[in-house]
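S.K.:
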Amino acid sequence: MDEREVEQGYANFHRRLNRVLRQKDVRQFKAFVAAHPAQAGKLSHCLGLSDELAEIEMYKAILLRSPLKDIHEEATQWLKQKGVIVARRIPGKRSVRRGRKRRKR
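Heads up, the sequence shown stops at 106 in this note's numbering, and the numbers go up one at a time, no gaps.
Structural data, given as structure tokens:
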């Protein structure tokens, strides 16, 4: 498998994941992640969670995906109703700094 095929595989995975997330069905979400553990990455931790906690993670995943921005407000409201605090992200800014801090000279 060459690099292009790998990239196409990930692109296809993410398009299908977007479709699954739009359904907002936690069982369908968990089944999709279980079927694609290598590509799901961090989402794989949802498999060990109860449906209730996995559903929260599913709605958080919706907020992280720019192709789903049309349902971000709905996801935000759902999370707030569950008592989950949603931090606003500033586009282009990372919430966590990586690496060492640079010294001022």
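Even for Gly, the Cβ is constructed at its ideal location relative to N, Cα and C.
Which residue marks the beginning of the alpha helix (DSSP H) containing Asp52, and which one marks its end?
M.R.: Its alpha helix (DSSP H) spans residues Asp52 to Leu65.
S.K.: If you follow the alpha helix (DSSP H) that Leu22 is in, where does it begin and where does it stop?
M.R.: Its alpha helix (DSSP H) spans residues Glu4 to Gln24.
S.K.: In this structure, does DSSP put Gly49 in helix, strand or coil?
M.R.: Residue state, collapsed to three classes: helix.
S.K.: Which class does Gly84 belong to by DSSP, given the choice of helix, strand or coil?
M.R.: In the structure shown, Gly84 sits in coil (DSSP, three-state: anything other than H, G, I, E or B).
S.K.: Rounded to the nearest angstrom, what separates Asp3 and Ala62 at their Cα positions?
M.R.: Each residue's Cα considered, the two are about 29 Å apart.
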